[in-house]
Amino acid sequence: MTAPVATTAPPPSTASGSLLSKLEIDVRMLGMLAALAVIWIGFDILSGGVFLTPRNLWNLSVQTASVAVMATGMVLVIVTRNIDLSVGAILGVVGMIIGVAQVQWLPAYLGLEHWLTAPLAVLIALVAGGLIGLFQGWLIAYLGIPSFIVTLGGLLVWRGAAWWVTTGQTVAPMDTRFKAFGGGVEGALGATTTWIIAAIACGLIIVGLGLSRRRRLSFGFPVRPGWADAVIAVVACGTVLATAAIFNAYPMPMGSARAWAEARGIAWPDGGLFISQGVALPVLIAVLVGLVMTFIATRRRFGRYVFAIGGNPEAAELSGINTRWTLMKVFGLMGLLCGISACISTARLNAATNAAGTLDKLYVIASAVIGGTSLAGGIGTIAGAMLGALVMQSLQSGMVLLGVDTPLQNIVVGAVLVLAVWVDSLYRRRIK
Amino acid sequence: MHTNGTTPLVEMRNISIAFGGIKAVDGVSVDLRPGEVVGLLGHNGAGKSTLIKILSGAYRPDSGEIYVNGEHADISTPRDAKRYGIETIYQTLALADNIDAAGNIFLGREVLTPYGTLDDATMEAETRKVMARLNPHFRRFKEPVKALSGGQRQSVAIARAIYFNARVLIMDEPTAALGPAETQQVADLVLQLKKEGIGIFLISHDIHDVFGLADRVSVMKNGKLVGSANVQDVTQDEVLGMIILGKCPPGATPGPGAS
Numbered sequence: 038m039t040a041p042v043a044t045t046a047p048p049p050s051t052a053s054g055s056l057l058s059k060l061e062i063d064v065r066m067l068g069m070l071a072a073l074a075v076i077w078i079g080f081d082i083l084s085g086g087v088f089l090t091p092r093n094l095w096n097l098s099v100q101t102a103s104v105a106v107m108a109t110g111m112v113l114v115i116v117t118r119n120i121d122l123s124v125g126a127i128l129g130v131v132g133m134i135i136g137v138a139q140v141q142w143l144p145a146y147l148g149l150e151h152w153l154t155a156p157l158a159v160l161i162a163l164v165a166g167g168l169i170g171l172f173q174g175w176l177i178a179y180l181g182i183p184s185f186i187v188t189l190g191g192l193l194v195w196r197g198a199a200w201w202v203t204t205g206q207t208v209a210p211m212d213t214r215f216k217a218f219g220g221g222v223e224g225a226l227g228a229t230t231t232w233i234i235a236a237i238a239c240g241l242i243i244v245g246l247g248l249s250r251r252r253r254l255s256f257g258f259p260v261r262p263g264w265a266d267a268v269i270a271v272v273a274c275g276t277v278l279a280t281a282a283i284f285n286a287y288p289m290p291m292g293s294a295r296a297w298a299e300a301r302g303i304a305w306p307d308g309g310l311f312i313s314q315g316v317a318l319p320v321l322i323a324v325l326v327g328l329v330m331t332f333i334a335t336r337r338r339f340g341r342y343v344f345a346i347g348g349n350p351e352a353a354e355l356s357g358i359n360t361r362w363t364l365m366k367v368f369g370l371m372g373l374l375c376g377i378s379a380c381i382s383t384a385r386l387n388a389a390t391n392a393a394g395t396l397d398k399l400y401v402i403a404s405a406v407i408g409g410t411s412l413a414g415g416i417g418t419i420a421g422a423m424l425g426a427l428v429m430q431s432l433q434s435g436m437v438l439l440g441v442d443t444p445l446q447n448i449v450v451g452a453v454l455v456l457a458v459w460v461d462s463l464y465r466r467r468i469k
Numbered sequence: 043m044h045t046n047g048t049t050p051l052v053e054m055r056n057i058s059i060a061f062g063g064i065k066a067v068d069g070v071s072v073d074l075r076p077g078e079v080v081g082l083l084g085h086n087g088a089g090k091s092t093l094i095k096i097l098s099g100a101y102r103p104d105s106g107e108i109y110v111n112g113e114h115a116d117i118s119t120p121r122d123a124k125r126y127g128i129e130t131i132y133q134t135l136a137l138a139d140n141i142d143a144a145g146n147i148f149l150g151r152e153v154l155t156p157y158g159t160l161d162d163a164t165m166e167a168e169t170r171k172v173m174a175r176l177n178p179h180f181r182r183f184k185e186p187v188k189a190l191s192g193g194q195r196q197s198v199a200i201a202r203a204i205y206f207n208a209r210v211l212i213m214d215e216p217t218a219a220l221g222p223a224e225t226q227q228v229a230d231l232v233l234q235l236k237k238e239g240i241g242i243f244l245i246s247h248d249i250h251d252v253f254g255l256a257d258r259v260s261v262m263k264n265g266k267l268v269g270s271a272n273v274q275d276v277t278q279d280e281v282l283g284m285i286i287l288g289k290c291p292p293g294a295t296p297g298p299g300a301s
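Which chain is which? The protein sequence lines are A and B, in order.
One rule links them: number in the numbering used here = place in the first sequence (from 1) + 37.
One rule links them: number in the numbering used here = place in the second sequence (from 1) + 42.
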C-alpha cells in the first residue's frame, strides 16, 4: 500500500523484450510457432520437398480438424482442474448413432439421399454428444465423483455402447451431402468461396483491432502504439491470405475434376482443368469452433467463471459463482464438441465404425497440453490448443510421409509430448 | 446489549454448527449496529472464522437465526449474503490468482455490455477508480493477481468488498500478512468506513489491533461465547482473561461459555 518499492520497480527489459511487449505478443505462442516451423521445414528437407506442398498442407489441415475441435473443449476441462478421458469413446458412439441414423432410421421416413438427412444427422450428433457430456458433468459436479474416474468409466461405457449399436458391424456409406463434413471433393469449398471467406476474415481482423483500440482510448487507457497495431493487422491478414492461396493452389484430382466439370456442363479440355479445392469444410468448421470457443472463454461470463474455478475453486464458490452448474456445462460443451468431431470423422471415413476415435483422447489431451494448458488448472488458451493439435498432426503425417513404422511413430509422439511439457515448465519457472 | 435502542444492522441469534460431532460454534449470539466496529476475539480454533463464514453464506448453520435490520434473513449461499449487503474479506483473501484485479473485484458480479459480453473496459475503469482510493501506487491492472505483492493483493480483496456499497463488512484477520505501514492503512480505512455508517466485524487474535479500533468486543472460546463488552468498560488484561481462561469480568455481559 505505502510500499512503493513493489510497484515502481520497472521489470528489466531487453530490446527484443520491449518490442514483443509493445506488440503484446505471447512469447509462448511465438515459441510454438517456431517449433512448428522447425518441424515443417525439417520434414520438408527429409522428404525431399514433399511436405510443404499445397497437397500435403491441405491434407494436414483436414486431418487436424477433428482433434482440433475437441482440443478447444479439453482446454476448458483441464482449466477447471479436471480431465476427460472419454472424448474418443463419445466420438465413437455418436458416430455410430449418426451412421445408423443415416443408413437405417432416416431413410425409412425420408427416403435415401433426402436433403434433410445431413442436417438431421448433425443435429442428432450435437444432441447426443451434448447429453452424454452433461450426464458425465452431472456425475462429476453434483455427485462429486472425480472426473478421472467418471470419464475412465465413460471410456469403457461409450466404447461398449458404440459396439452395441450395431453389434460391431461397420455402417456405410454415408449420405452424399453429409460427406461434405469430412472434406474430400464434396467438402471442398472452391477458390471463389475461399477468397471471399479470407476477405471477410481480413475485414473482421481490421475492424476488431480498430474497435478495441477506440474503446480503450475512450476510457483513457494506455493503447499499443499505432505502428504495432498496423504490424499485427498486416501479419494476421497476410497469414489468412497466404493460407487461402495455399488451399487454392491444390487442384482436384483429375477424375473428380472431370465429374465436377461434367456436372456443370463444362467441356473437358485435353490438358485437363485446374479446379481449386479451396478450404475444406471441416477446416472451416474447426476455425469457426476455435473462434466461438475463444469468444466464450474470454468474452463471456461463463468463460470467466471457468478460469476463476481453475485458479481458486474456493474463491469462486465464495464469490457466489454456481461452480457445480458451471462445471456441468463445461463437460456438456465437451460432449457437444465430440458430436461435431464425430460428424467430421464419420464423414471423412464415409463409414461409422465402433473403433472410431480410439486414440483420440490422448491426442486431444496432448494437443491441449502442448498448447500451453496447465494441468494444475487456471491457465490455457483455445488458440494454443489448436496449434498444439496442428503440431501433433504435423509430426504424425510427416512420419507417415517418411515411411516411419507405426510403433516408432507412437514412440516419437509420446517423447515429444513429454519434452514439450518439460520445456514449458522450464519456461514458466524462468519468467517467475 | 440493546441499550441505545437502534435496530441492529445484523443480529445472529443462538447460532450452532457442528462438523463431524464437534460443535465448532455452539449457541453464539452477536450483533452489530450501524457505524460500529465489533471485535471478535478468541484463540485459533475458537470458532470465530466459522461463525463469520455462516454470516457470509459459506456455511449453513445447524440451528439459529440471522436478522438483518430486524428482519429474518435467509442466508444459505454467498450470493444471498451479498444481496443483504454483507461483504467479506477472507483471511486467505479468496482471490483467483490467474485473473487480473478487475476480474477479481467483479467476480460473480460482472458488468456486461448490451450484447451480454463482459464489459472489461468499464470494469477496468471502475477498478482504477476504487484502487486510486485504496492504493494510489497501484499500476498493475493487466496482470494476474498472482504477480502482485501481499499488500497489493490485500487491497484488491478490500476493493472487492467495499466497491458494491457494503453495509456490513467482515474482516477476517485483515492485517495478518501485512507490514506496519500497511496495517496502519487498513486501520485508517476501518475508521473511514465506520464514519460512513458501515458496520464492521473485525476478527483477530491480536488484542492490540482490536482495542485500537473496536467499540465492542465479543470473545469466543471452544465454540461458545464467553461474553461481550464495550471496550471502555474492560481492560486489555480482563479481555485476555476472557480469551485464555473464559473468565467474564464485571464490566462485560457474560455468555453461555463463561466459566
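Don't be surprised by glycine CBs; every beta carbon is placed ideally from N, CA and C.
As the structure is a prediction and not an experimental result, all values here were calculated from the model.
- Per the Cβ contact rule, the stretch 256-270 of chain B is not in contact with the stretch 97-106 of chain B (fewer than 3 Cβ pairs under 8 Å).
- The alpha-carbon of R118 (chain A) is positioned some 43 Å away from that of G299 (chain B).
- Within chain A, the residues placing a beta-carbon under 9 Å from that of L160 (chain B) are T335, R336, R337, R338, G340, R341, ordered along the chain.
- Listed in chain order, the alpha helix (DSSP H) runs fully inside the stretch 161-229 of chain A are 184-202, counting runs of at least 4 residues.
- The shortest C-alpha to C-alpha distance from V187 (chain B) to any of B:N146, B:N207, B:I200 is the one to B:N146.
- At a cut-off of 8 Å between beta carbons, N119 (chain A) makes no contact with chain B.
- Against chain B, a Cβ distance below 7 Å from N96 (chain A) picks out nothing, because the smallest value is about 37 Å.
- In the three-state reduction of the DSSP assignment, K184 (chain B) falls in the coil class, being assigned neither a helical nor a strand state.
- Residue environment: W459 (chain A) is assigned as exposed (fewer than 16 neighbouring CB atoms within 10 Å of its CB, all protein chains considered).
- Around the CB of A74 (chain A), fewer than 16 other CB atoms lie within 10 Å, so the residue is classed as exposed.
- Contact holds between the stretch 191-199 of chain B and the stretch 219-227 of chain B, because three or more Cβ pairs, one in each stretch, are under 8 Å apart.
- In this structure L122 (chain A) is buried. Its beta-carbon is surrounded by 16 or more other beta-carbon atoms within 10 angstroms.
- The shortest CA-to-CA distance from M133 (chain A) to any of A:V441, A:V202, A:R92 is the one to A:V202.
- Nearest CB-CB separation between K65 (chain B) and chain A: not below the 8 Å threshold.
- Of the residues A:A298, A:L321, A:A300, the one whose Cα lies closest to the Cα of F284 (chain A) is A:L321.
- Less than 8 Å divides the Cβ of L97 (chain B) from the Cβ of V52 (chain B).
- With respect to the 8 Å criterion, A294 (chain B) and D275 (chain B) are classified as neighbours on the basis of their beta carbons.
- Along the stretch 348-363 of chain A, going in chain order, the ones with a CB nearer than 8 Å to a CB of chain B are G348, N349, E351, A352, A353, E354, L355, S356, G357, I358.
- Taking 8 Å as the cut-off, the Cβ atoms of G283 (chain B) and S301 (chain B) do not count as close.
- Membership of E166 (chain B) in the alpha helix (DSSP H) is indicated by the continuous run 162-176.
- DSSP places F253 (chain B) inside the alpha helix (DSSP H), whose first and last residues are 249-255.
- Identification of residues in the stretch 159-179 of chain B having a C-beta nearer than 7 Å to some C-beta of chain A yields T159, L160, A163, E166, A167, N177, H179, given in sequence order.
- Taking a cut-off of 8 Å on C-beta distances, the stretch 159-169 of chain A touches the stretch 128-145 of chain A, as three or more cross pairs fall below it.
- The beta carbon of Q433 (chain A) sits closer than 7 Å to the beta carbons of Q446, V450 from its chain, once the five residues preceding and following it are set aside; these are given in chain order.
- Put simply, of B:G158, B:A143, B:Y157 the residue whose alpha carbon is nearest the alpha carbon of E166 (chain B) is B:A143.
- For D139 (chain B), the chain A residues whose Cβ falls inside 9 Å of its Cβ are G348, N349, A352, G415, in order along the chain.
- Along the stretch 120-149 of chain B, the positions whose C-beta sits under 7 Å from a C-beta of chain A are P120, R121, K124, Y132, A136, L137, A138, D139, N140, I141, G145, L149, read in chain order.
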